[in-house]
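One rule links them: number in our numbering = place in the sequence shown (from 1) + 642. Down below is the structure, laid out as structure tokens.
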Amino acid sequence: MSSATRLDRAYDNAETILFDDSSKFIFFSDCHRGDNSFADDFANNRNIYFHALNHYYREGFHYFELGDGDELWENISFDSIFEAHKNVYQLLRQFHLEKRLKMLWGNHDMVYKDPDYVKKNLSHYFEPIDGKDKALFQGITYHEALILQHKDTKQQIFLTHGHQADWWNYVCWRIGRFLVRILWKPLQVVGIADPTSPAKNYKELIRIEKRTKRWILSKNLLLTIVGHTHRPRFPEPGEIPLFNDGSCVHPRSITGIEIEDGQISLIKWHIATKPDGTLQIVRVLLEGPEKLVDYINP
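Have a look at this one:
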């Protein structure tokens with residue numbers, strides 16, 4: 643099965659969600675939340691991420707996570723991840739209760755494509771203080787892809803993780819998971835990166851982007867937002883509309899894509915130093931805002 647066929651299948655099976663210019667969305671991906679061990683890349687940025695998540699919750703945004711939210715290659719179960727980052731999941735639960743949470747699966751959390759696995763592992767958690775189970779993400783559905791469609795302009799925005807254009811990480815993800823758990827996780831301690839990851843392999847990253855661009859061209863320049871490669875992308879109007887929200891495991895920063903007031907922007911959250919030497923977490927606009935309608939193919 644080719645990359646185009648896998649992307650076509652994701653698109654054809656995607657749920658469509660209507661929105662308008664009053665809608666507000668934040669797209670993050672590749673959080674790779676782990677167990678707070680030496681191999682947990684998310685742990686370095688968890689305070690930045692939690693601060694940003696609080697901001698979007700207060701401001702009424704819908705949170706879309708475009709895959710690889712949980713690091714289930716290095717970690718065998720969700721339980722250890724939940725215990726390490728319980729405050730994050732409790733805040734995500736608030737989004738879920740208010741129907742402002744949409745979750746997609748990527749290659750590192752591809753087990754979430756199984757609804758039974760999701761129901762068994764994410765519906766409840768055990769609270770040692772009370773000695774009983776408590777509700778977490780009851781009734782949640784993980785998607786391979788979603789489509790946002792503007793109520794007025796009918797413009798579509800295709801959302802997926804992006805590993806459909808990466809044969810190894812889509813078809814052979816179980817082998818990749820085995821290698822990461824047995825081989826690359828221990829070697830990460832001494833600084834040896836997994837060469838099968840497109841985030842660490844620039845040539846493979848470019849190949850994945852080229853395959854995705856070809857598919858976008860075949861879909862009449864469908865605006866597409868992905869993750870997977872960890873490389874932020876924000877094309878200008880008139881260019882092939884392949885957007886990438888980056889990741890939440892950059893050194894000392896996280897990146898994402900916002901849609902608000904009918905406009906799209908690439909943003910970064912990071913720690914900045916004030917003149918008096920104290921630290922603060924700030925949001926920086928990297929690209930945009932650009933009007934969504936300017937990406938409609940005439």
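Glycine included, each C-beta is placed from N, C-alpha and C at the ideal position.
The beta carbon of residue 720 sits closer than 6 Å to the beta carbons of 763 from its chain, once the five residues preceding and following it are set aside; these are given in chain order.
Excluding five sequence positions before and after residue 677, the CB atoms of its chain that fall closer than 7 Å to its own CB belong to 717, 722, 723 and 726, given in chain order. DSSP places residue 643 outside both helix and strand once states are collapsed to three, so it counts as coil. Here residue 696 is exposed, its C-beta having fewer than 16 other C-beta atoms within 10 Å. Residue ranges of uninterrupted beta strand (DSSP E) with 3 or more members, entirely inside the stretch 725 to 783 and ordered along the chain, are 743 to 746, 766 to 769 and 774 to 777. Around the C-beta of residue 925, fewer than 16 other C-beta atoms lie within 10 Å, and the residue is accordingly described as exposed. Cβ-Cβ distances below 6 Å link residue 759 to 753 in the same chain, with the five nearest sequence neighbours on each side left out; the list follows chain order. Beta-bridge partners assigned by DSSP to residue 906: 901 and 932.
Counting the other CB atoms within 10 Å of its CB gives residue 874 a total of 16 or more, which places it among the buried residues. Excluding residues up to 5 positions away in sequence, 910 and 912 lie with their Cβ nearer than 6 Å to the Cβ of residue 895 in the same chain. In the three-state reduction of the DSSP assignment, residue 882 falls in the coil class. Beta-bridge partners of residue 706 (DSSP): 669 and 744. Around the beta-carbon of residue 664, fewer than 16 other beta-carbon atoms lie within 10 Å, marking it exposed. Rounded to whole angstroms, residue 733 and residue 666 show a C-alpha spacing of 18 Å. For residue 923, same chain residues with a beta-carbon under 8 Å away, outside a window of 5 residues either side, are 689, 690, 693, 694, 911, 912, 913 and 914 in chain order. According to the DSSP secondary-structure assignment, residue 712 is paired through a beta bridge with 675. Residue burial annotation: residue 682 is buried, with at least 16 other C-beta atoms found within 10 angstroms of its C-beta.
Take the alpha-carbon of residue 810 and the one of residue 744: they are about 26 Å apart. Here the alpha carbon of residue 870 sits roughly 32 Å from the alpha carbon of residue 776.
Burial is judged here by how many other beta carbons sit within 10 angstroms of a residue's own beta carbon; residue 940 has fewer than 16 and is exposed. Residue pairing for residue 891: DSSP places it in no beta bridge. In the DSSP annotation of this structure, the continuous segment of the beta strand (DSSP E) that includes residue 801 starts and ends at 798 to 802.
Just so you know, the alpha carbons of residue 779 and residue 756 end up roughly 15 Å apart.
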